[in-house]
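Engineer:
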Amino acid sequence: MMLQGICDELAHRIPGIGFDAPIPCHHNYVAVENQDGLEWMVTRKGAIRAGAGDLGVIPGSMGTGSYIVRGLGDEQSYACASHGAGRRMSRNAARRRFTAADLAEQTSSVECRKEEGVVDEIPAAYKDIDDGIRAQTDLVEVVARLQTLPCIKG
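Number 87 in full-length UniProt numbering belongs to position 87 of the sequence shown; there are no gaps in the numbering.
Below is the structure:
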């Protein structure tokens, strides 16, 4: 619903804008899948499906951009890839270490919330997304690198 609302608002403000189909990209779920002729229940926690040809989104932090990728269908990974680079520090550690001023500085080029309530999402709390992408070139190929402009955190 949120995505449709954003698309509707952009269409209202930017004449002629168009949108391709959204990329379904869940990262915490269970799915029934077939591999080697067997049916498996695959649990993906912090991982996306990266089956051969599947499009996916691997997000960075609030200030680092994200990637659109195409899965390569690696059977050893059960056709999975990471959902981001991962946290460098826990949410509580980030809240103790950083302030809203730090967050504002690290996200100066991004339209986003910059108050204490979201300091745990500060870019410095996350590992480098580019390193994360390089570490899984056997799982996905990069289709596009996106630059974060707005970041909506509930």
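Even glycine gets a Cβ: it sits at the ideal position worked out from N, Cα and C.
Thinking C-alpha only, which one of Val119, Met62, Ala125, Val30 is nearest Tyr78?
Structural biologist: If we check each option's Cα against that of Tyr78, Val30 comes out closest.
Engineer: Could you check the C-alpha separation between Glu75 and Val142 for me, to the nearest Å?
Structural biologist: Approximately 19 Å, taken between the alpha carbons.
Engineer: Tell me whether Ser109 sits in a helix, a strand or coil according to DSSP, three-state version.
Structural biologist: DSSP places Ser109 in coil when its eight states are reduced to three.
Engineer: Spatial neighbours of Ala11 within its chain, please: C-beta separation below 6 Å, excluding the five flanking residues on both sides.
Structural biologist: Hits under 6 Å: Ile17.
Engineer: Less than 7 Å between C-beta atoms, sequence neighbours within five positions excluded: which residues of the same chain meet that for Ala47?
Structural biologist: The answer, listed in chain order, is His27, Cys80, Ala81, Ser82, His83.
Engineer: At what residues does the alpha helix (DSSP H) containing Gly71 begin and finish?
Structural biologist: Element bounds for Gly71: not the alpha helix (DSSP H) but the beta strand (DSSP E), 66-71.
Engineer: Which residue from Ser108, Arg95, Glu105, Ile68 puts its Cα closest to that of Pro59?
Structural biologist: The shortest Cα separation from Pro59 among Ser108, Arg95, Glu105, Ile68 belongs to Ile68.
Engineer: So, at 7 Å on beta carbons, what are the nonlocal neighbours of Asp102 in its own chain, with the 5 sequence-adjacent residues on each side left out?
Structural biologist: Only Ile122 meet the Cβ criterion.
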